[in-house]
Amino acid sequence: MTDIPENAPQSAATEAPPVQDAPAKPVAKKKERKEDSFPVFVIKLVLIVAFFRSFVFSPFNIPSESMLPRLENGDYLLAAKWPYGFSSYSLPFSLPLLPSRIMAGQPNRGDVVIFKAPPGNDVDYIKRVIGLPGDTVQMIGGQLHLNGTPVPKVKVDDFVIKVSANTSCIAPEFEAVEKDGTPSCHYPQFRETLPGGKSYNVLDLGYRPQDDTPPVIVPAGHVFLMGDNRDNSMDSRFPAVEGGGIGLVPQDNLIGRATIVMWSTDGSANWFLPWTWFTALRANRIGGTF
């Protein structure tokens with residue numbers, strides 16, 4: 001056996017004293033946030049949309065011709081919800097959460113308004129504001145009178161509208177064919193100007209019983225509303241009955257003021273034929289303001 005001298009140098013491979021490992025830091029556990037979950041996202045989205053539609057803008061579609069020539073059957077518009085304040089009718093499903101109108105604002109003559117139609121107060125209508133509280137409104141021989149003064153009414157070019165899935169002529173006497181063979185309707189059109197200078201076009205299709213009415217004084221908190229298609233509109237000239245006239249409309253029923261047409265279709269589109277969504281589009285009507 002070979003002896004190793006006591007003073008022999010140690011080999012480089014001699015094991016160094018062990019280094020103590022530093023204690024491992026605990027890994028922070030990622031908190032699960034409830035707001036990251038899909039159901040919560042959907043709830044938030046629904047609340048945001050409900051808020052926007054209740055207090056900012058809301059879309060409406062036009063299902064009739066009572067507002068011709070300004071609005072056609074198949075138009076879709078945005079209504080501003082804030083101009084007249086807010087009531088339960090401003091909320092989705094008319095939830096009775098507001099006991100009375102808040103931030104109330106007075107409409108102007110000539111405004112095109114969306115409202116809950118009396119007497120049921122459950123259907124959205126659209127008409128033009130003609131009379132405000134204290135005004136006396138009367139039709140004499142087809143001409144509007146406000147506070148005893150005739151409202152100027154000037155004949156302009158006929159209103160021409162193409163026959164489509166949404167539109168047919170009210171009577172044969174208004175039927176026509178354009179040079180390119182397109183069937184259309186030609187209606188007598190007039191320019192009406194209210195006190196204050198607001199002007200708009202109306203249709204007058206000939207004498208009707210509603211062309212002569214007794215004077216009506218608009219009471220406080222109400223408005224007198226009429227359609228621009230004067231001979232094809234059930235409005236404040238008629239008593240409020242289900243499926244009929246609307247009488248004098250409480251201002252609390254006002255939902256919003258029409259602002260812009262955002263879409264318009266002639267009614268020929270088929271949901272199962274996507275290309276017809278565009279062939280039915282009336283692009284020239286998009287962007288029209290009030």
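The letter at position 216 of the sequence shown is residue 216 when you use full-length UniProt numbering, and the numbering goes up by one with no holes. Don't be surprised by glycine CBs; every beta carbon is placed ideally from N, CA and C. Just so you know, these numbers come straight off a predicted model, no measurement behind them.
Decide if residue i is buried, meaning its Cβ has at least 16 other Cβ atoms within 10 Å, or exposed.
i, result
"R101", "buried"
"Q251", "buried"
"T149", "exposed"
"K34", "Model confidence at K34 stands at a pLDDT of 49, short of 50, so the residue's coordinates are unreliable; what they give is reported in the following sentence. Answer is exposed; the Cβ neighbour count stays below 16."
"P267", "The sequence shown places Gly at residue 267, rather than the Pro named in the question. The residue is exposed, with fewer than 16 neighbouring Cβ atoms inside 10 Å."
"N284", "exposed"
"S233", "buried"
"T289", "exposed"
"E242", "exposed"
"D180", "exposed"
"I62", "buried"
"G74", "buried"
"K29", "Any reading at K29 is ruled out, since the residue's pLDDT is 49, under 50, leaving its predicted position unreliable."
"I161", "buried"
"V49", "exposed"
"A220", "exposed"
"T279", "exposed"
"A171", "exposed"
"T167", "buried"
"F174", "buried"
"V42", "exposed"
Residue i to residue j, Cα distance in whole Å?
i, j, result
"P119", "G247", "8 angstroms"
"P214", "V40", "57 angstroms"
"F57", "A79", "5 angstroms"
"R208", "P188", "14 angstroms"
"S94", "L225", "21 angstroms"
"residue 291", "G227", "The question about residue 291 has no answer here: the residues shown for the chain are numbered 1 through 290."
"D212", "G256", "30 angstroms"
"P274", "G134", "51 angstroms"
"N201", "V156", "9 angstroms"
"S54", "G245", "27 angstroms"
"F272", "T265", "16 angstroms"
"L68", "Q106", "25 angstroms"
"V182", "F86", "Checking the sequence, you will find Thr at residue 182 rather than Val. Rounded to whole angstroms, T182 to F86 spans 45 angstroms at the Cα level."
"P239", "Q210", "12 angstroms"
"P99", "S66", "32 angstroms"
"G197", "S37", "55 angstroms"
"P96", "Y89", "8 angstroms"
"R282", "D122", "30 angstroms"
"T259", "E178", "32 angstroms"
"residue 301", "N108", "With the chain covering 1 to 290 only, the question about residue 301 has no answer from this structure."
"A117", "L132", "17 angstroms"
Using CA coordinates, which residue listed in the options is at the minimum distance from residue i?
i, options, result
"S164", "E72, I43, K44", "E72"
"S184", "L203, F159, N201", "F159"
"W82", "P96, M103, P195", "M103"
"E192", "Y125, S37, R70, S94", "R70"
"G206", "T182, D231, G227", "D231"
"Y84", "N253, I48, F278", "N253"
"H145", "V216, G287, F51, H222", "V216"
"V137", "V223, K44, F60", "V223"
"S64", "N229, G245, T182", "N229"
"F190", "L203, S199, L91, G196", "L203"
"W263", "D122, L132, G287", "G287"
Going by DSSP, which residues form a beta bridge with residue i?
i, result
"T259", "BP columns for T259 are empty, so no partner."
"S199", "T193"
"Y89", "DSSP, once it has assigned bridges, lists no residue as partnering Y89."
"T136", "I217"
"K179", "DSSP, once it has assigned bridges, lists no residue as partnering K179."
Tell me, to the nearest whole angstrom, how far the beta carbon of residue i is from that of residue j; I am working on the premise that it is less than 8 angstroms.
i, j, result
"F115", "V249", "6 angstroms"
"G110", "R128", "7 angstroms"
"I126", "V113", "7 angstroms"
"L194", "V154", "Actually they do not touch by this definition, with Cβ atoms about 13 angstroms apart."
"L45", "F60", "Not confirmed; about 21 angstroms, so no contact."
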